Amino acid sequence: MNLHFDVEGGEFISAGVASSKVKKVLKQLAIQPEIIRKISVAMYEAEINMVIHAHGGVIDAEIMPDYVHVILKDEGPGIENIELAMKAGYSTASRLAREMGFGAGMGLANMKRYADILQIESEPGKGTTVEITVKLYPEQS
Amino acid sequence: MTINDVQEILNATVVTQTPYENNEVLSGFVGDLLSVVMGKAKEQCAWITIQGHINIIAVGTLINVGCIIVTESFKVDDDAVKKANEEDIVIMTTQFSSYEVAALLSKSGLE
Ligand SMILES: Nc1ncnc2c1ncn2[C@@H]1O[C@H](COP(=O)(O)OP(=O)(O)OP(=O)(O)O)[C@@H](O)[C@H]1O
Ligand SMILES: [Mg+2]
Numbered sequence: 320m321n322l323h324f325d326v327e328g329g330e331f332i333s334a335g336v337a338s339s340k341v342k343k344v345l346k347q348l349a350i351q352p353e354i355i356r357k358i359s360v361a362m363y364e365a366e367i368n369m370v371i372h373a374h375g376g377v378i379d380a381e382i383m384p385d386y387v388h389v390i391l392k393d394e395g396p397g398i399e400n401i402e403l404a405m406k407a408g409y410s411t412a413s414r415l416a417r418e419m420g421f422g423a424g425m426g427l428a429n430m431k432r433y434a435d436i437l438q439i440e441s442e443p444g445k446g447t448t449v450e451i452t453v454k455l456y457p458e459q460s
Numbered sequence: 048m049t050i051n052d053v054q055e056i057l058n059a060t061v062v063t064q065t066p067y068e069n070n071e072v073l074s075g076f077v078g079d080l081l082s083v084v085m086g087k088a089k090e091q092c093a094w095i096t097i098q099g100h101i102n103i104i105a106v107g108t109l110i111n112v113g114c115i116i117v118t119e120s121f122k123v124d125d126d127a128v129k130k131a132n133e134e135d136i137v138i139m140t141t142q143f144s145s146y147e148v149a150a151l152l153s154k155s156g157l158e
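Chains A and B supply the protein sequences, listed in that same order.
In terms of this note's numbering, the first sequence is numbered consecutively and its last residue is 460.
In terms of this note's numbering, the second sequence is numbered consecutively and its last residue is 158.
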């Protein structure tokens, strides 16, 4: 199953629509709750980043029999130093974002922890693409 | 500990319509930074925070929160309450600080 979402920038309020939709689909498929949490937290973190650090973007989620693959693509400012950005606690979040409880600098760390495969490609001035893959039945492979 | 017990111990105001009577909370977690909560809070926890905006519902849903306790009399936004009712999340508010709430629940036996 393929799901496509357009995410608007600056929309703190509605952010999370895509990850909650994917979560609902996985729940209907009776996937284990821990696996659903891994996918939906990783995806929500990436979705929020698109909103607070870039000006939105597009998300394509592919739900396969044994894995979920999500591509989140934005045309925002990009990430200068991905290694630094991955460090727990590193954040350039705006004051407004911080007031809403974002900006701990833990989003990428959570994605890394929860995704089975995490790929980040970014070009300063051009944008960022994050790909998250999570296996649905990890014990089998 | 049930959500009902939590409400009574804190004499908190439940602002959602979500039914909860005998639903259990299994642990407590204090946090205002959403990514930290998503990384560390356990399922069915009582999440203690000063955040009252709609993003706490997304986070609460993702971690399968037991209930959300908004402290220091911070206001819970109307759209957050509406969303919580849709997502079956229980939110209560109290004038106690996060520290006081944690101490009270801990004294009553919550992990
Ligand atoms: N899509 C993106 N576009 C541009 N910069 C990004 C993007 N995603 C992350 N970054 C950069 O990487 C940093 C770290 O991201 P991370 O998600 O770990 O933390 P945060 O979003 O700042 O805070 P938190 O996720 O804890 O609320 C960000 O502060 C930002 O500088
Ligand atoms: Mg982030």
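The beta-carbon is built from N, C-alpha and C at its ideal position, and this holds for glycine as well.
Bear in mind the structure is a predicted one, so any value in this text is a computation, not a measurement.
Taking D52 (chain B) as reference, the option from B:Y146, B:N111 and B:V72 with the minimal CA-CA separation is B:V72. One finds T108 and L109 in chain B with Cβ atoms closer than 9 Å to the Cβ of S359 (chain A), taken in chain order. Within chain B, the C-beta atoms nearer than 9 Å to that of P352 (chain A) come from E90 and N111, in chain order. Distance from the Cα of G376 (chain A) is smallest, within the candidate group A:I382, A:I367 and A:H388, for A:I367. For the 8 Å CB-CB criterion, V61 (chain B) and V128 (chain B) do not form a contact. Note: L455 (chain A) is not bridge-paired with any residue in the DSSP secondary-structure output. Counting C-beta pairs with one atom in each stretch, the segment 83 to 90 of chain B and the segment 327 to 336 of chain A have fewer than three that are closer than 8 Å, which means they do not touch. In the structure shown, the three-state DSSP call for V377 (chain A) is strand. Closest in C-alpha terms to G424 (chain A), from the list A:N321, A:M405 and A:R432, comes A:M405.
Look at S339 (chain A): its C-beta is under 8 Å from a C-beta on chain B. The Cβ atoms of G75 (chain B) and A149 (chain B) sit closer than 8 Å to each other. Among the CB atoms of chain B, one or more fall inside 8 Å of the CB of A423 (chain A).
Under the 8 Å criterion on CB atoms, N429 (chain A) is classed as interfacial with respect to chain B. Any heavy atom of ligand 2 within less than 5 Å of a residue's beta carbon puts that residue on the list, which reads A:N368 and A:G426.
Collapsing the DSSP output to three states places E366 (chain A) in a helix. Residue pairing from DSSP places Y386 (chain A) in a beta bridge opposite A:K454.
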